[in-house]
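One structure below.
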Amino acid sequence: MDVKHFSIKNYRAIKEIDISLRYSLIPIIGINESGKTSILQAILAFDFRRDKYNKGEHLEYQNKYSTVDTTDSSVSATLNLTQQEIESLIAGININTDSEDYNTLSKFNNKTQFILIRELSNNNEYKYINNDLTEQTTNKVTRFLKNKFPFVLYFDDFTDRVPQSIEFKDTYATDGKLTKGRKREWQEIIEEVFKRSNQENLNKTQKPLQAYMSVDNEDRKTDILSDIQSILNDVIISEWKNLKNTGGNLADDSTNLELILENKSNSVFKFKVKDKSNSNKSRTFSINSRSKGFQWFFNYMVKLKFNPNYSGDTLENALFLLDEPGSYLHSSAQIELLKELKKVSNNNQVIFCTHSQFLLDPKTIELGSIRIAEKTGSEVKSFNFGDCKAKRDKGALTPIYQALNLNFAHDFMGDIVILEGITDFYLFELLKKYKHISQHIKFIPGAGAENSSSLISIAIAFAKNFLVLLDNDIDGKKAKIRYTEYFGDSIKNNIHFYNTKNSFKLESFLNAENKRQLKLMFNCKDVKKSLSFLYYSKKNKEQKQFIQSIAKNDSLVLIIKVINQI
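In the working numbering, the protein residues as written are 1108 to 1673.
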């Protein structure tokens, strides 16, 4: 099953938001209280298997900013099924092959769009609408889609920490019932750890954990815990060692660690870690006393590897929702975390909220994937970064701009071209990448036409040769006059307009068809932002084709000639 997008309606302060899953790794940014978390929790509310998570708080849809009750809250998902899933659907419905319903179902294929709605304000019921099917068949399709929906994992970095202890009710050994609320998730993990240990000679009529609690022989209990600890270390500590051995800097903890599952009281369990790095002298610690990086890693891995809602060594086609992941990690650890999220997104969908520039590195994050959340009055809205105007809240956009500059080292040695801004840099670097501009030339992005005085000063002192390229608009003309007055007439030959035509700007290098193609390529209305998406795009074939096509434009041919003659 492939989830194409979510539509959220009347959920808390969200009136209506569409979230496209065109990208497998999607960051949502915004200032505090902008509604980022509400978007994640609305998506979490779509999965009935998570209804008991955190006492079901995510199912509370009423808008606290309004005095009017919400009566039509829903979350819907647009889905595609594989051909195999469609065949399974039809076989499971088991209807007469001569019926109209069968005729309708037989036309379904892997491009058929299914819209499954969960009506939060109607007892959380699911609904699939197809007017060509009878009510009975429609209900069966609804159940199929609901049960086949990818599993959702939710991580809240501020509240979701490893507990000091995991306690079960005293009656668990007899009734096998879990508690509700936050404790339940960790109880489920302990249950799953025991289940996957595949212990022999336990009572098969009970859950494995129940059967363990009923064992009277303490030596046998110790042996069972030893087997479980071996599994934990094989699964989690081996991954930790792999991360550390590849040079990962998520935390300073040693690789010489061993996980322990302690059970001194029958209904109370504790995860601990034994550190054997000090001349093989073992010292035992609680998980929470280790580095923050290791705490995050353990919390993440144990929920990933011992999730009761799936089985197998790897999780695929799941939906990961992360609220401020790694918020308490240092910058180098966040860089490693982003690599991990990218790896997970290869086989799963990942959506995360963040304030961190280190989780927005454009070498990993497609700029077109970034969503902005903002609250206008009492309403939460969301839009693509590509549709964001400069007048938007700069506080929300700051992490993106910081991330974009993470990759620039201003080396002024050699032949230098100073440009008005970052978008100019993207275009000319792409032309250089595809051999239209000499490889030895270095481009330096400025901060606007009239704000390059300091860059020019450094270029005069250190560069072998340099050019300053400007738009031929009002700001560009003012800048040329200002620089000439400031540095003297000797700099005149270093300053060039992109073109002699009045009002000629960077975008003027692209004709109407170029602009149409670029906007379509990234589903973005803004040409300049589309150029930034193109620069960081992983679609090298499309990138190359576009640059090769615009390089033939007469205006670009002329300015490229000027640059190459520097």
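Glycine included, each C-beta is placed from N, C-alpha and C at the ideal position.
Per-residue burial, MET1320 [other beta carbons within 10 Å of its own, 16 or more giving buried] = Within the sequence shown, numbered from 1, the residue matching residue 1320 stands at position 213. Burial call: buried.
For the candidate residues HIS1603, LEU1339, LYS1116, whose alpha-carbon lies nearest to that of SER1304?
-> Counting from 1 along the sequence shown, the entry for residue 1304 is found at position 197. Among HIS1603, LEU1339, LYS1116, the Cα nearest to that of SER1304 belongs to LEU1339.
Inspect the beta-carbon positions of ILE1202 and THR1244 and report whether they are closer than 9 Å.
-> Residue 1202 sits at position 95 when you count from the first residue of the sequence shown. Residue 1244 sits at position 137 when you count from the first residue of the sequence shown. A contact, by the Cβ cut-off of 9 Å.
List in chain order: all unbroken alpha helix (DSSP H) runs of 4+ residues lying wholly within the stretch 1304-1381.
-> 1315-1320, 1325-1339, 1345-1352
When you compare only the Cα positions, how much space is there between ALA1570 and ASP1596?
-> By 1-based counting over the sequence shown, the position of residue 1570 is 463. By 1-based counting over the sequence shown, the position of residue 1596 is 489. Rounded to the nearest angstrom, the two C-alpha atoms are 18 Å apart.
Straight-line CA distance for ILE1479 to LEU1429?
-> For the purposes of this step, residue 1479 is taken as residue 372 along the sequence shown, with counting starting at 1. For the purposes of this step, residue 1429 is taken as residue 322 along the sequence shown, with counting starting at 1. Using only the alpha carbons, I get a separation of about 16 Å.
What are the start and end residues of the alpha helix (DSSP H) that includes LEU1252?
-> Translated into the one-based positions of the sequence shown, residue 1252 becomes position 145. Here the alpha helix (DSSP H) through LEU1252 covers 1242-1255.
Assign GLY1288 to buried or exposed, taking buried as 16 or more other Cβ atoms, counted over all protein chains shown, within 10 Å of its Cβ.
-> Numbered from 1 along the sequence shown, position 181 holds the residue referred to as residue 1288. With fewer than 16 other Cβ atoms within 10 Å, it is exposed.
If you drop the 5 nearest sequence neighbours on each side, which residues of the same chain put their C-beta closer than 7 Å to that of PHE1251?
-> On the sequence shown, residue 1251 is found 144 positions in, with the first residue counted as 1. Only LEU1196, GLY1199 meet the Cβ criterion.
CB LEU1526 to CB ILE1551, shorter than 9 Å?
-> Here residue 1526 is taken as the residue at index 419 of the sequence shown, counted from 1. Here residue 1551 is taken as the residue at index 444 of the sequence shown, counted from 1. Taking 9 Å as the Cβ cut-off, LEU1526 and ILE1551 qualify as a contacting pair.
Counting along the chain, where does the beta strand (DSSP E) carrying GLY1228 start and finish?
-> Within the sequence shown, residue 1228 is the residue found at index 121, counting from 1. In the sequence under discussion, the amino acid at residue 1228 is Ser, which differs from the Gly named in the question. That residue, SER1228, is in no beta strand (DSSP E); it is neither H nor E in DSSP.
Pairing CB atoms from the stretch 1583-1594 with CB atoms from the stretch 1556-1564, are three or more of them under 8 Å?
-> yes
Simplified DSSP state of VAL1261, which is helix, strand or coil | Residue numbering aside, residue 1261 sits at position 154 when the sequence shown is read from its first letter. According to the sequence shown, residue 1261 is Tyr rather than Val. Reduced to three states, the DSSP call for TYR1261 is strand.
Meets three-Cβ-pair contact criterion under 8 Å: the stretch 1140-1152 and the stretch 1458-1466 | yes
Residue from SER1173, LYS1470, ASP1158 whose Cα sits closest to the Cα of LEU1166 | Against the sequence shown, residue 1166 aligns to sequence position 59. Cα-wise, what sits closest to LEU1166 is ASP1158.
Sequence ranges, alpha helix (DSSP H) only - wholly within the stretch 1168-1222, length at least 4 | 1190-1200, 1207-1212
Are the beta-carbon atoms of LYS1328 and PRO1315 separated by less than 9 Å?
-> The count along the sequence shown starts at 1 and reaches residue 1328 at position 221. The count along the sequence shown starts at 1 and reaches residue 1315 at position 208. Against a cut-off of 9 Å, the Cβ pair of PRO1315 and LYS1328 comes out as no contact.
Pick from GLU1536, LEU1186, SER1386, GLN1306: whose alpha carbon is nearest that of LEU1638?
-> Position 531 of the sequence shown holds residue 1638. It is GLU1536.
Decide if GLU1761 is buried, meaning its Cβ has at least 16 other Cβ atoms within 10 Å, or exposed.
-> Outside the shown range of the chain (1108 to 1673) lies residue 1761, about which nothing can therefore be said.
Where GLY1400 falls, given that 16 or more other Cβ within 10 Å makes a residue buried = The sequence position of residue 1400 within the sequence shown is 293, counting from 1. Under this definition GLY1400 is a buried residue.
Return the first residue and the last residue of the alpha helix (DSSP H) that VAL1451 is part of.
-> Walking along the sequence shown from the start, residue 1451 turns up at place 344. Here the alpha helix (DSSP H) through VAL1451 covers 1438-1452.
To the nearest angstrom, report how far apart TRP1347 and TRP1403 are at their CA atoms.
-> As a working mapping, residue 1347 is identified with position 240 in the sequence shown. As a working mapping, residue 1403 is identified with position 296 in the sequence shown. Whole-angstrom Cα-Cα distance: 11 Å.
Contact check, TYR1061 vs LYS1214 under 8 Å by CB: the rounded distance?
-> Past the boundaries of the shown model lies residue 1061; the chain is included only from 1108 to 1673, so the question cannot be answered.
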